[in-house]
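Student:
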Amino acid sequence: MKDPASFSSRALTVALAAALVLSLALVARPVLDLRGSGNDQGHSPEQPIAYSHRLHAGELAIPCLYCHFAAEKSRSAGIPPLSVCMNCHARVTAPFIDVRAEDAAALKEKRKPRVLMSEEIRKIYDALGLTSDGTPSPDRTPSPVRWNRVHNLPDFVYFDHRPHVAAGLICQTCHGPVETMEKMSQHSDLSMGWCVNCHRRTKPAGTVRRASTDCATCHY
Ligand code: HEC
Ligand code: HEC
Ligand code: HEC
Ligand code: HEC
Ligand code: HEC
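In this note's numbering, the protein residues as written are 30 to 249.
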């Protein structure tokens, strides 16, 4: 038989622990700025390379997971390494229209076409320590591109991409019409209400239960 006393003391311990953690979060927040930029809806920082989701995910229709392959396998969706960019940019070094114009001009002038390298693509080559022809540059050491974070939940919140992707939610449900964004921006407000409202109403595909709204699901 279940012991009601031990059950309620366990429940009490959990409740007290939760209350402690959360009151600490509340008290410490103004002091330590625990909130971070979680609620920063519309946040759209400048990026070191003018990468466009409208062009790549929209016009060129490259699947989100081609670059954010980690979203299925790990907590973070991750930003792709530059080697993924080089799958295409080893050849595409400037807008096609300019490359074609140069090819036509070279043919007319009976010379070899020059390698065209646009300013933004050059940044990829520079970061990889490569010259325009793709060989290691003697006077450049590779240094990673420092993309600026757009989304940033406070540290006391636990989020994981895996269960969401596994439940069949598409990226745009949370990130908005990314394929139209010239510059990435935060679409949802990432507030607790936003998370909980969806957990309350969403039944993961093939089940009758709803996503959990226990405090401990999202708070350590
Ligand atoms: C060709 C590679 C590529 C594809 C395809 C791509 N992305 Fe990205 N994504 C990036 C890069 C690079 C960044 C970092 C620069 C930036 O924020 O624009 C990024 C950033 C993001 C961010 C913001 C990350 C942060 O800092 O919070 C989100 C969200 C995102 N992508 C979602 C998507 C979605 C959804 C799709 C599909 C519709 C998609 N991406 C397709 C390369 C890609
Ligand atoms: C249920 C909502 C939801 C869905 C669905 C979702 N994301 Fe996210 N995504 C978030 C939240 C919330 C964050 C901020 C996480 C943080 O700050 O710890 C985030 C952060 C990111 C980031 C930047 C930080 C990181 O995790 O590396 C990228 C890139 C990203 N998402 C891409 C995607 C892609 C691509 C998909 C589809 C495969 C997707 N997301 C699906 C809610 C979602
Ligand atoms: C699947 C192929 C593919 C991948 C992967 C890819 N790109 Fe592109 N990218 C293109 C094409 C095609 C163009 C358009 C060229 C044009 O304008 O005709 C382009 C254009 C660009 C441009 C603008 C071009 C310019 O000359 O100014 C930038 C910047 C860029 N990509 C950055 C990136 C970065 C950064 C990554 C990796 C995160 C990446 N691309 C991954 C195919 C790709
Ligand atoms: C658009 C709907 C939606 C939004 C928004 C959303 N979630 Fe979820 N979440 C789900 C679904 C569906 C599941 C899968 C539940 C399952 O498989 O039992 C889930 C699962 C989870 C899980 C795993 C739970 C477990 O028991 O394994 C965590 C953690 C989580 N969500 C945290 C968050 C946080 C934090 C936010 C806000 C930043 C958030 N979610 C926003 C729909 C959503
Ligand atoms: C589905 C995920 C999820 C669940 C479940 C959840 N929270 Fe939250 N909670 C969040 C997110 C996300 C934030 C951060 C919001 C922000 O940055 O404004 C947050 C923030 C908070 C804060 C900080 C104050 C604030 O408004 O920023 C407190 C306190 C809190 N939650 C208490 C609770 C309690 C108590 C429960 C259980 C009844 C609970 N949470 C359940 C996602 C969740």
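Idealized CB from N, CA, C, for every residue including glycine.
Would you kindly work out how many angstroms separate the C-alpha atoms of L145 and V128, rounded to a whole number?
Tutor: Going by the C-alpha atoms only, they are around 7 Å apart.
Student: Can you list, in chain order, the residues of its chain whose CB lies under 8 Å from that of L61, leaving out five sequence neighbours each side?
Tutor: With a pLDDT of only 40 at L61, under the threshold of 50, the placement of this residue in the model should not be trusted, and no figure is reported.
Student: Is the beta carbon of P224 within less than 7 Å of some heavy atom of ligand 4?
Tutor: For clarity, residue 224 is Cys in the given sequence; the question names Pro instead. Result yes, Cβ under 7 Å from ligand 4.
Student: A90 and H97 - do their beta-carbons sit closer together than 8 Å?
Tutor: No; because the gap between Cβ atoms is not below 8 Å, this pair is not in contact.
Student: Using C-beta distances below 6 Å, list every residue in its chain close to L157, excluding the 5 sequence neighbours before and after it, in chain order.
Tutor: Contacts found: L111, P171.
Student: Give the DSSP-derived three-state secondary structure of H228 in the structure shown.
Tutor: Reduced to three states, the DSSP call for H228 is helix.
Student: For V56, I'd like the list of residues in its chain whose CB is within less than 6 Å of its CB, leaving aside the five on either flank, ordered along the chain.
Tutor: With a pLDDT of only 48 at V56, under 50, the local geometry of the prediction cannot be trusted, and the value read off the model is given with reservation. No residues qualify anywhere along the chain.
Student: Going by C-alpha distance, which of K141, A240, H193, C93 is nearest E208?
Tutor: Taking only the C-alpha atoms, the option nearest E208 is C93.
Student: I think Q201 touches V179, with their Cβ atoms under 8 Å apart; what is that distance to the nearest whole Å?
Tutor: The pair is not a contact, with the Cβ atoms about 15 Å apart (cut-off 8 Å).
Student: Do R191 and R120 have their CB atoms nearer than 8 Å?
Tutor: Not a contact, by the Cβ cut-off of 8 Å.
Student: Out of L159, G87, C247, which one is the CA nearest neighbour of H118?
Tutor: The option with the nearest alpha carbon to H118 is L159.
Student: Would you kindly check if the distance between the Cβ of N177 and the Cβ of Q70 is under 8 Å?
Tutor: In this structure, N177 does not lie closer than 8 Å to Q70 by Cβ.
Student: In whole angstroms, give me the CA-to-CA distance for P173 and I199.
Tutor: Straight-line Cα distance between these residues: approximately 29 Å.
Student: Quick one: Cα of S241 to Cα of M221, how far?
Tutor: Whole-angstrom Cα-Cα distance: 13 Å.
Student: Mapping the DSSP letters down to three states, classify L255 as helix, strand or coil.
Tutor: This structure cannot settle anything about residue 255, because the visible part of the chain is limited to 30 through 249.
Student: Can you tell me the Cα-Cα spacing of R175 and K139, whole angstroms?
Tutor: Whole-angstrom Cα-Cα distance: 42 Å.
Student: Could you check if T246 is buried or exposed, using at least 16 other CB atoms within 10 Å of its CB as the buried criterion?
Tutor: The residue in question, T246, is exposed, as its Cβ has fewer than 16 Cβ neighbours within 10 Å.
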